[in-house]
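J.:
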Amino acid sequence: MTTSYFSTITSESSFKARFKQEHGKVFADITRLNASYWGREHLFACRLIRRKTPHSVLPVISKYTKSSDLSSPPPPQITNFLNGPPDQKYMSQSEHQLVRNPAYGISLGQVWSALANVKRNPPGHGDKEGPNRPKRLRQSTLGKDDIDSSTIKTGTSSPEEGSSPATSSVGYVDPESHRLQASPEDETLRLASCVMRHVLYFGAPQDSMDLQRAVEFRDTK
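All you need for this note's numbering is the position in the sequence shown, starting with 1, plus 71.
This is the structure we're talking about:
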């Protein structure tokens, strides 16, 4: 039984040896088929060589990595992040509860809180009209010296006396109202910001107190 191509052809020398032994051909000499129907002879015609799987490091930054970054086990904060939430309780907990949970810590608790907000608002949810979510507020394009024409009263009559003053905005917004008013874009940005911060806090090689310089993430405008 012929061994698998990908388990055999792993170097230039093995390719040349097997190509000669199996009488490999070029594309001009084999049957033309859609790629989904390709067989062993087509892989030989492509001169395909399977390389060993490299580490998950971009080539452009590979020279800056340390051996400990790749061989040492990650700190528990990163392991817990990669494993994900242990259960679905985080979906119903506030950020205050999550960050005070010793199993998470502050930054990971913020990640799970942001993730819960994103999962409560799936993509496209804010674009559909319905009773569950109000339409997005239209952004004002007025300059500081412009006047909204809808507020101008025509005529010569004076303002009515005793008119009630405009009511001030409520200082507290309950979590459900905040969730309905938040846009998916804002929730996604919040999640990305929390994830980047958590990884930079605890991921190698920044999981040390002795660094003279550290990469930090800021999302202020």
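Backbone N, C-alpha and C define an ideal beta-carbon position, used for all residues, glycine too.
1. Measuring CB to CB, does SER178 end up less than 8 angstroms from ARG261?
2. Return helix, strand or coil for TYR76, following the three-state DSSP convention.
3. How many angstroms separate the CA atom of LEU119 from the CA atom of ILE80?
4. Look up CYS265 in the DSSP assignment and say whether it is helix, strand or coil.
5. Tell me the DSSP secondary structure of GLN148 in three-state form.
6. Is the region 273 to 287 in contact with the region 183 to 190, if contact means three or more CB pairs nearer than 8 angstroms?
7. Tell me which residues share the same chain as THR259 and place their Cβ nearer than 7 angstroms to its Cβ, disregarding the 5 neighbours each side in the sequence.
8. Which residues in the same chain have their Cβ closer than 8 angstroms to the Cβ of TYR161, if we skip the five residues on either side of it in sequence?
9. In its own chain, which residues sit with a C-beta less than 7 angstroms from the C-beta of ASP290, not counting the 5 before and 5 after it?
10. Can you name, in chain order, every residue of its own chain whose Cβ lies under 7 angstroms from the Cβ of PHE273, other than the five neighbours on each side?
11. Spatial neighbours of PRO157 within its chain, please: CB distance less than 6 angstroms, with the 5 preceding and 5 following residues excluded, ordered by chain position.
12. Let me check understanding here. Comparing Cα to Cα, which of TYR108, SER107 and CYS117 lies closest to LYS96?
13. Drop a sphere of 10 angstroms on the beta-carbon of THR74, count the other beta-carbons inside from all chains shown, and report buried for 16 or more, exposed for fewer.
14. Helix, strand or coil: how does DSSP classify TRP183 here?
15. Taking 7 angstroms as the cut-off, is the C-beta of ARG284 nearer than that to any heavy atom in the ligand FAD?
16. Which one of GLN283, PHE86 and SER78 has the shortest CA to CA distance from TRP123?
T.: This is what the structure holds:
1. no
2. helix
3. 8 angstroms
4. helix
5. helix
6. no
7. VAL189
8. LEU169, TRP183, SER184, LEU186 and ALA187
9. SER264
10. PRO146, GLN148 and ILE149
11. none
12. CYS117
13. exposed
14. helix
15. With respect to the ligand FAD, the structure shown offers nothing to examine, as it has no ligands at all.
16. Reading the sequence as shown, one finds Lys at residue 123 and not Trp. Nearest of GLN283, PHE86 and SER78 to LYS123, Cα basis: SER78.
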